[in-house]
Amino acid sequence: MRLKTVAYCLALVVGMFGFTSSQLFAQGSAAYPEKPITIIVPYPPGGFNDTLGRIVGKKLSDAWGVNVIIENKPGAGTTIGTNFVARSAPDGYTILVAQFPFAANPFIYKSLPYDTSKAFSPVVLAGRAPMVLVVNENSKIRSLGDLLAAAKKSPGKIDYGSSGSGSSEHLAMALFENMANVSLNQIPYKGSTPLLTDLAGGQVEVAFDVFPMVRPFIQSGKIRPIAIATDMRSPLLPQVPTVTEAGLKGYEVSSWHGFMVPSGTPPVIIDKLNKQINIILTQEDIKKTFNEQGVVPDGGTANQFDVFIRKQMEIWKKVVAQAGIIPE
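Following this line, the structure appears as structure tokens:
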């Protein structure tokens, strides 16, 4: 009887003031943000993902007058930081910097502590860094055609470097092997720097890696780019042909960077974040920072980012299965 009385009183209050619980929640969302925001970077300090979180965080803080805190939570192939956000309140106050592994990890790690497809809502695709096919400066391979011919002549004999099993470099080459119907031999390293150092030294002959990492080695003349994995030539390397131009039609791989929030975050909050970050991406100092890091700014709607991620997941699900990739 007492519960019925309480329910009746609540209903009476709602009726008197004309508010439903959803309306009250929407009003609270409209006031967002009212307290500090935390951006989780699932990588160590340094590198573009960390830079992205910090420069966007600073711009959000300036625009909205609230503190934006950057927390680095690296480990387990980005799953530690990603899981932290998946378990956070869906209120817009915890944001994830997501990158290439976000779409591949569900198929590499068979027991993630979260459901990638259900635990997150996309906010915006911030930018993409093209993958570049590079060789040692003294390599006899001068073009993509040379690589394909050599790989078909000697299957499994050409060594390529990667940052480890399931890394973006490994997945990019696995997709390349599948589409070109060739076989190369993977030499895994613990990161891009030792990989590219050995490539420059001639210990491995070829690799795919992101432009921000290969740029200084290209500038030093120690490695040569022979193709770029974009749908059209990049202003970052205008003289380098695309993989499609060079002979493998339809091949395209970029290391992408964006922002996600926990699933269930109110659309009004996602929309507010999306619009503000899109504004940030058009600012000259931000574009300059991106260019210095070898990343092309993107932007767009949350729905467009959602479609992009789903397509990425379809691609890497197939590649992981075909190549039998498992984490080290």
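Per this note's numbering, the sequence shown starts with residue 1238, numbered consecutively. Even for Gly, the Cβ is constructed at its ideal location relative to N, Cα and C.
* **Start and end residues, alpha helix (DSSP H) containing Val-1322** => If you number the sequence shown from 1, residue 1322 lands on position 85. 1316-1323 is the span of the alpha helix (DSSP H), which, as asked, contains Val-1322.
* To do: Return yes when the Cβ of Ala-1323 is within less than 8 Å of the Cβ of Ala-1356, no when it is not.
  => Mapped onto the sequence shown, residue 1356 falls at position 119. Mapped onto the sequence shown, residue 1323 falls at position 86. Yes; because the gap between Cβ atoms is below 8 Å, this pair is in contact.
* Quick one: Cα of Val-1505 to Cα of Ser-1266, how far? -> As a working note, residue 1505 is residue 268 in the sequence shown. As a working note, residue 1266 is residue 29 in the sequence shown. The alpha-carbon atoms of Val-1505 and Ser-1266 are separated by roughly 7 Å.
* DSSP state of Glu-1414 mapped onto helix, strand, coil -> Here residue 1414 is taken as the residue at index 177 of the sequence shown, counted from 1. The answer is helix: DSSP assigns Glu-1414 an H, G or I state.
* Are there three or more Cβ pairs, one per stretch, closer than 8 Å when the region 1368-1378 is compared with the region 1447-1467? -> Contact between the region 1368-1378 and the region 1447-1467 is present, because at least three Cβ pairs lie under 8 Å.
* Through-space distance from Lys-1272 to Ala-1464, alpha-carbon basis -> Looking up residue 1464 in the sequence shown gives position 227. Looking up residue 1272 in the sequence shown gives position 35. Taking the straight line joining both Cα atoms gives about 47 Å.
* Asked: When the Cα atoms are used, what is the spatial distance from Ala-1409 to Gly-1302?
  -> As a working mapping, residue 1409 is identified with position 172 in the sequence shown. As a working mapping, residue 1302 is identified with position 65 in the sequence shown. Approximately 41 Å, taken between the alpha carbons.
* To do: Measure the Cβ-Cβ separation of Leu-1362 and Phe-1527 and say whether it is below 8 Å.
  => Your numbering for residue 1362 matches position 125 in the sequence shown. Your numbering for residue 1527 matches position 290 in the sequence shown. Contact flag unset, no.
* Near Trp-1493, which residues of its chain fall below 7 Å by C-beta distance, leaving aside the five closest residues on each side in sequence? -> Within the sequence shown, residue 1493 is the residue found at index 256, counting from 1. For Trp-1493, where only same-chain residues beyond five positions count, the Cβ hits under 7 Å are Gln-1336, Phe-1337, Leu-1362 and Arg-1365.
* To do: Check the DSSP bridge columns for Asn-1568 and list the partner residues they point to.
  => Here the chain has residues from 1238 to 1565 only, and residue 1568 is not among them.
* To do: Give the C-beta separation of Gln-1549 and Asn-1415 to the nearest angstrom, bearing in mind that I take them to be a contact with Cβ-Cβ under 8 Å.
  => On the sequence shown, position 312 is the one that residue 1549 refers to. On the sequence shown, position 178 is the one that residue 1415 refers to. The Cβ separation is near 16 Å, so there is no contact.
* Would you kindly work out how many angstroms separate the C-alpha atoms of Ile-1307 and Pro-1392, rounded to a whole number? => Numbered from 1 along the sequence shown, position 70 holds the residue referred to as residue 1307. Numbered from 1 along the sequence shown, position 155 holds the residue referred to as residue 1392. Spanning the two alpha carbons is a distance of roughly 46 Å.
* Rank Leu-1333, Asp-1287, Ala-1326 and Pro-1327 by C-alpha distance to the C-alpha of Thr-1319 and give the top, closest one. => For the purposes of this step, residue 1319 is taken as residue 82 along the sequence shown, with counting starting at 1. The option with the nearest alpha carbon to Thr-1319 is Leu-1333.
* Asked: What does a CB cutoff of less than 7 Å around Pro-1281 pick up in its chain, not counting 5 residues either side in sequence?
  -> Taking the first residue of the sequence shown as 1, we reach residue 1281 at position 44. Only Asn-1309 and Pro-1311 meet the Cβ criterion.
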